[in-house]
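Quick note, the sequences are listed as chains P and R, same order. Note that my numbering has the first sequence beginning at 1, numbered continuously upward. Note that my numbering has the second sequence beginning at 116, numbered continuously upward. Glycine is no exception: its CB is placed at the ideal position from the N, C-alpha and C atoms. Notes follow the structure.
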Amino acid sequence: EAQVTQNPRYLITVTGKKLTVTCSQNMNHEYMSWYRQDPGLGLRQIYYSMNVEVTDKGDVPEGYKVSRKEKRNFPLILESPSPNQTSLYFCASRPFLGGSSYEQYFGPGTRLTVT
Amino acid sequence: GENVEQHPSTLSVQEGDSAVIKCTYSDSASNYFPWYKQELGKRPQLIIDIRSNVGEKKDQRIAVTLNKTAKHFSLHITETQPEDSAVYFCAAPHISSGSARQLTFGSGTQLTVLP
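What follows is the structure in C-alpha cells.
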C-alpha cells in the first residue's frame, strides 16, 4: 500500500530535550516536506527536499533541522524544543521529477507537546 | 514567495445548500491550484485541483474555478451533505526556475453542514 508514515504519532516532551520525528514514504517520491499546523494559521511549510542530499528552508524553519540521506526518509529534528513548537506536524511527499501532478500525500500527523 | 489568502475562515450552511470558499494568490507564475479536505483528526487529502490553462473543473458535486487575471480561485460544493463538514485548504505553488518548489496553503475554512 502506497503511504507516508510518521513516528511517533504523539509525543510529550520537555523544553530543551532533543527529539526526532521520523517520516518515510514507499512511493519513490523525490519531493518531501514538513508542515506544522496551528489553529487559524493553516499548514505552514518548515523544510522541503527535492531529492537526496537537497534540502531547503520553508516559511518557518527556525528551531528545526532536517536531513535527506535516503530517498524514502526525511526526519525532522528539534535540537532544543521550546513550548512554541507545540503543534501538529505533517510530513508529505510527491513526485518532483517528471509527472503531471503536484498532488501531495500526507502522513498521519504527529502531535507534539513541549512543556 | 507565494502569499495565499483564504475566506471565509468559518462557513455554516444548511444541508442541500451550496458552499463557496475563495482564495487569492500573489505569484503570477503559479500554475496549479489544489484544494485539500481535512476531516477531524485526519490528514489533509486532495479533493480537486486545477491547472492554469483551464478556467473551471468539475467533479460530481465539487467544482473549482480560476481567474488568472484577478489571481483568485474558488471551491464550489453543491447539494452539501453532513459528510462535507471538514476544514478545507486551498494552496498555490511558488514557481522558481520553472519548478513548483514550495506549496503555500491558505489558513483554512471550517465548513459545517447543518442537518
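is_contact[residue i, chain P] using C-beta, thresh 8 Å
i: residue 222(R); result: yes
i: residue 158(R); result: yes
i: residue 126(R); result: no
i: residue 176(R); result: no
i: residue 204(R); result: yes
i: residue 129(R); result: no
i: residue 155(R); result: no
Residue i burial status per 10 Å Cβ neighbour count (16 or more: buried)
i: residue 194(R); result: exposed
i: residue 174(R); result: exposed
i: residue 127(P); result: The structure shown does not extend to residue 127(P), since chain P is modelled only from 1 to 115, so the question has no answer here.
i: residue 46(P); result: buried
i: residue 10(P); result: exposed
i: residue 69(P); result: exposed
i: residue 199(R); result: buried
i: residue 2(P); result: exposed
8 Å Cβ cutoff, residue i in contact with chain R
i: residue 104(P); result: yes
i: residue 175(P); result: Residue numbering for chain P in the displayed model covers 1 to 115; residue 175(P) lies beyond these limits and cannot be assessed.
i: residue 112(P); result: no
i: residue 41(P); result: yes
For residue j and residue i, the rounded distance between their alpha carbons
i: residue 202(R); j: residue 129(R); result: 16 Å
i: residue 8(P); j: residue 60(P); result: 21 Å
i: residue 94(P); j: residue 55(P); result: 15 Å
i: residue 109(P); j: residue 22(P); result: 11 Å
Own chain partners of residue i with C-beta closer than 6 Å, once the 5 adjacent residues on each side are dropped
i: residue 118(R); result: 141
i: residue 65(P); result: 77
Close beta carbons around residue i, own chain, < 7 Å, minus the five adjacent residues each side
i: residue 183(R); result: 167
i: residue 187(R); result: 137, 138, 139
Residues near residue i in its chain [Cβ-Cβ closer than 8 Å; skip 5 each side]
i: residue 124(R); result: 222, 223, 224, 225
i: residue 116(R); result: 142, 209, 217, 219
message: Whether or not the segment 58-72 of chain P and the segment 105-114 of chain P are in contact is what I'm after, with contact meaning three or more pairs of Cβ atoms, one per stretch, closer than 8 Å; do they touch?
response: no
- prompt: Are there three or more Cβ pairs, one per stretch, closer than 8 Å when the segment 141-150 of chain R is compared with the segment 76-91 of chain P?
  reply: no
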